[in-house]
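Take a look at the structure below.
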Amino acid sequence: MSDAGADIQRKALISNADPIDFWALMKPRVMSLVVFTALVGMLIAPGSIHPVIGFIAILAIALGGGASGALNMWYDADIDQVMRRTSSRPIPAGRVSPDEAKIFGLLLSFFSVMVLGLATNWLAGGLLAFTIFFYVVIYTMALKRSTAQNIVIGGAAGAFPPVIGWAAVTGSIAIEPIVLFLIIFLWTPPHFWALALVKNEDYTRAGVPMLPVVAGEAATRRQILLYTILLALSAFAPVVLGFGHWLFLATAVIGSGMMLRWSWMILRAATPEEDRKACWSMFGGSILYLFALFAALLLERILFLLMPMLSRLTEFGA
143 MSDAGADIQR KALISNADPI DFWALMKPRV MSLVVFTALV GMLIAPGSIH PVIGFIAILA
203 IALGGGASGA LNMWYDADID QVMRRTSSRP IPAGRVSPDE AKIFGLLLSF FSVMVLGLAT
263 NWLAGGLLAF TIFFYVVIYT MALKRSTAQN IVIGGAAGAF PPVIGWAAVT GSIAIEPIVL
323 FLIIFLWTPP HFWALALVKN EDYTRAGVPM LPVVAGEAAT RRQILLYTIL LALSAFAPVV
383 LGFGHWLFLA TAVIGSGMML RWSWMILRAA TPEEDRKACW SMFGGSILYL FALFAALLLE
443 RILFLLMPML SRLTEFGA
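For what it's worth, the numbering used here labels the leading residue of the sequence shown as 143, then goes sequentially.
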């Protein structure tokens, strides 16, 4: 091979992407929610985990979430290019090649599962592997382009992190992480269908059978209300089961009330402007709602752990 040919081959093997492009492939905003819900699942679990092991576990779960995002972008590069909302992503924008994204995602998948399994236990590692598989193969490849229920079934992938966090500590699964799974599972449809109503033209152009495209906007509004009612009911399950207390109850009451209000506004919107405003309120507000629910559980757990220490300090002061 000539020197010129060898030089061309070497350049072809070198990525022109910046590190920030690979970071974008990992869907950091989605990954942050994955990390937080997994952390809550880990910290409310009975027993304890060494802080270093806990940090490694959270890092592995984060990388697993990032791997799912990268493989999703690799497979969906063709429709991402068509949709305005996603056309600036690294692959359709030409900053990362599809092969680079695929290899990056596969390497992250393998590394994250192995690290989590070796650091904690193989139930947690297996759940992380199944979550990646579910999001990439079941949701992205099988459901997203074939059924309007794509986001309902596929939403299970995003609901697994608290279960993984719990399993990392206990090596088992219990009713508590299953309830947290249910809350995220029921949260997903109203959250994403609100966005789908605003971006209906995008999904239509890309040929993605989101519910507004297939069933129409009126049916989607009714489904958003239905799932929000189910979500609001499920949000009280931690209180009923005894692992959510007064702070969580107050958060669930106020937050669920706001969610129901936004879903009703979407249902009753009389003008396109009212509809758009209500949908954006639901989309953004639902993120805050889910964060607040899990933050309330986390704060209650921290207060529970601090109470014996505060009690001893009070006795010492007396």
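Using N, Cα and C, we set each Cβ at its ideal position, and we do this for glycine too.
So, residue 370 versus residue 402, is the Cβ gap smaller than 9 Å?
Looking up residue 370 in the sequence shown gives position 228. Looking up residue 402 in the sequence shown gives position 260. Yes, Cβ-Cβ distance for residue 370 and residue 402 is below 9 Å.
Where residue 292 sits in the DSSP three-state scheme
Residue numbering aside, residue 292 sits at position 150 when the sequence shown is read from its first letter. Note: residue 292 maps to helix in three-state DSSP.
Can you tell me whether residue 148 is buried or exposed, with buried defined as 16 or more other CB within 10 angstroms of its CB?
For the purposes of this step, residue 148 is taken as residue 6 along the sequence shown, with counting starting at 1. Only weak support exists for where residue 148 lies, its pLDDT of 40 falling under 50; the coordinates are left without a value.
Please list, in chain order, all residues of the same chain as residue 363 whose beta carbon is under 6 Å from its beta carbon, the five residues on each side excluded.
Taking the sequence shown and counting its residues from 1, the one referred to as residue 363 is at position 221. So the list reads 408 and 409, once near-sequence residues are dropped.
Do residue 462 and residue 182 have their C-beta atoms closer together than 9 Å?
Nothing can be reported for residue 462, as the shown portion of the chain is limited to 143 through 460.
Quick check on the burial criterion: 16 or more other C-beta atoms within 10 angstroms. Buried or exposed for residue 193?
Residue mapping note: residue 193 aligns to position 51 of the sequence shown, counting from 1. Residue 193 should be labelled exposed.
Where do the ends of the alpha helix (DSSP H) carrying residue 244 lie?
On the sequence shown, residue 244 is found 102 positions in, with the first residue counted as 1. It spans 240-261 - the alpha helix (DSSP H) in which residue 244 sits, taken as one unbroken run.
Contact the region 252-263 vs the region 373-386: 3+ CB pairs below 8 Å:
no
DSSP three-state assignment for residue 229, whether helix, strand or coil
Counting from one through the sequence shown, the residue named residue 229 turns up at place 87. Coil, per DSSP.
Which listed residue (264, 296 and 290) has its alpha carbon closest to that of residue 277
Residue numbering aside, residue 277 sits at position 135 when the sequence shown is read from its first letter. The shortest C-alpha separation from residue 277 is found at 296.
Since I believe residue 300 is in contact with residue 326 (beta carbons under 8 Å), could you give me their beta-carbon distance rounded to a whole number of angstroms?
The residue labelled residue 326 in the question sits at position 184 within the sequence shown. The residue labelled residue 300 in the question sits at position 158 within the sequence shown. With a Cβ gap of about 6 Å, residue 326 and residue 300 count as contacting.
Give the straight-line distance between the Cα atoms of residue 395 and residue 245, rounded to the nearest whole angstrom.
The residue given as residue 395 occupies position 253 in the sequence shown. The residue given as residue 245 occupies position 103 in the sequence shown. For residue 395 and residue 245, the distance between alpha carbons rounds to 45 Å.
Out of curiosity, what's the CA-to-CA distance linking residue 343 and residue 411?
Within the sequence shown, residue 343 is the residue found at index 201, counting from 1. Within the sequence shown, residue 411 is the residue found at index 269, counting from 1. For residue 343 and residue 411, the distance between alpha carbons rounds to 19 Å.
Can you round the beta-carbon distance between residue 354 and residue 339 to whole angstroms, since I take them to be within the 8 Å contact cut?
As a working note, residue 354 is residue 212 in the sequence shown. As a working note, residue 339 is residue 197 in the sequence shown. Confirmed, Cβ separation roughly 5 Å.
Close beta carbons around residue 146, own chain, < 8 Å, minus the five adjacent residues each side:
Within the sequence shown, the letter at position 4 stands for residue 146. Residue confidence for residue 146 is low, a pLDDT of 39 falling below 50, so the modelled location carries little weight; the figure read from the coordinates is stated next. Cβ within range, chain order: n/a, list empty.
Could you check whether residue 204 and residue 164 sit closer than 9 Å to each other, using their CB atoms as the reference points?
The residue labelled residue 164 in the question sits at position 22 within the sequence shown. The residue labelled residue 204 in the question sits at position 62 within the sequence shown. Taking 9 Å as the Cβ cut-off, residue 164 and residue 204 do not qualify as a contacting pair.
Pull up the CB-CB distance for residue 209 and residue 250, whole angstroms please, since I reckon it's below 8 Å.
Translated into positions along the sequence shown, residue 209 becomes position 67. Translated into positions along the sequence shown, residue 250 becomes position 108. Between residue 250 and residue 209 the Cβ distance is about 4 Å, and since that is below 8 Å, they are a contact.
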